[in-house]
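Trainee: Structure below; questions to follow.
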Amino acid sequence: MVDSYDDSLDTGEKSKSQVKRELHALVDLGERLTTLKPDLLAKLPLTDAMRRALADAPKHTANIARKRHLMFIGKLMRDQDTAAILTLLDQLDASTRQYNERFHGLERWRDRLIAGDDAVLEKFVLDYPEADRQQLRSLIRQAQHELATNKPPASSRKIFKYIRELDETQRGLR
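Shown next as structure tokens:
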């Protein structure tokens, strides 16, 4: 007797485990969409039903209700263009990373100016030629005094705000 059962996986069908993984990925993507602000959601190619479901998500605060609603969003995600959504989310993540890196760079400038000497100030003025050296020196002195007397860092915040404004002006954002 010949057994005609072929155990190859070349049939092109997905395994049950693969289908579950894909559905969980859609639910996770839907959950990520619930954390986005409305102006960012408006940029995504979503159906009206999906937009309504995402708008309703914050209303579901009980654990089981939230889980049930996320499963519903996951079901709606099957009808969405997930590739376009993922592309836009990746771009958003990249721009957020760039913003954070620039922000941390400005914080490092502030800290180096407060802790540093005239050489650091000269380097800063070379990088930002429109900087008002006198105003910056005054703010640095005030910040150093606040640091020495354990006062709140108001001048440090002013320095950061000034540096951020200079950076935005230089990059053409102002």
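In our numbering, the protein residues as written are 15 to 188.
By construction, the Cβ of each residue, glycine as well, lies at the ideal position given by its N, Cα and C atoms.
Predicted model only: the values in this text are computed from it and were never measured.
1. Is any heavy atom in the ligand FAD found nearer than 7 angstroms to the beta carbon of Pro166?
2. Where does Gln94 fall in DSSP's three states?
3. Return the first residue and the last residue of the alpha helix (DSSP H) that Leu176 is part of.
4. From Ser152 to Val139, what distance separates their C-alpha atoms?
5. Have a look at Asp141 and His38 and give me their C-alpha separation to the nearest angstrom.
6. Considering only residues of the same chain and omitting the five flanking positions on each side of Leu106, which have a CB-CB separation below 7 angstroms?
7. Do Phe86 and Ala69 have their C-beta atoms closer together than 8 angstroms?
8. Is there contact here, the segment 82 to 97 with the segment 109 to 118, by at least three beta-carbon pairs under 8 angstroms?
9. For Pro59, which three-state DSSP category applies?
10. Beta carbon of Leu40, beta carbon of Met91: below 8 angstroms?
11. Verify the CB distance criterion: does Lys57 have a CB-CB separation below 8 angstroms to chain D?
12. If we call anything under 8 angstroms between Cβ atoms a contact, is Lys57 one with Leu102?
13. Applying the 10 Å Cβ sphere with the 16-neighbour rule, what's the burial state of Ile78?
Mentor: Based on what the coordinates show:
1. The model on display carries no ligand, and the ligand FAD is accordingly not part of it.
2. Here residue 94 corresponds to residue number 80 of the sequence shown, with the count starting at 1. It is coil, neither helix nor strand.
3. Counting from 1 along the sequence shown, the entry for residue 176 is found at position 162. A small fix is needed here, since residue 176 is Tyr in this sequence, not Leu. First-last of the alpha helix (DSSP H) with Tyr176: 168 to 184.
4. On the sequence shown, residue 152 is found 138 positions in, with the first residue counted as 1. On the sequence shown, residue 139 is found 125 positions in, with the first residue counted as 1. Spanning the two alpha carbons is a distance of roughly 15 angstroms.
5. The count along the sequence shown starts at 1 and reaches residue 141 at position 127. The count along the sequence shown starts at 1 and reaches residue 38 at position 24. Near 48 angstroms, if we compare the C-alpha coordinates of His38 and Asp141.
6. Here residue 106 refers to the residue found at position 92 when the sequence shown is read from its first residue. Counting only Cβ-Cβ distances below 7 angstroms, and skipping sequence neighbours, we find Leu54.
7. For the purposes of this step, residue 86 is taken as residue 72 along the sequence shown, with counting starting at 1. For the purposes of this step, residue 69 is taken as residue 55 along the sequence shown, with counting starting at 1. No.
8. no
9. For the purposes of this step, residue 59 is taken as residue 45 along the sequence shown, with counting starting at 1. DSSP places Pro59 in coil when its eight states are reduced to three.
10. Mapped onto the sequence shown, residue 40 falls at position 26. Mapped onto the sequence shown, residue 91 falls at position 77. It is a contact, given that the beta carbons lie within the stated cut-off.
11. Absent from the structure: chain D. Only one protein chain is present.
12. As a position in the sequence shown, residue 57 is number 43, starting the count at 1. As a position in the sequence shown, residue 102 is number 88, starting the count at 1. Yes, these two residues count as a Cβ contact at 8 angstroms.
13. As a working note, residue 78 is residue 64 in the sequence shown. Exposed.
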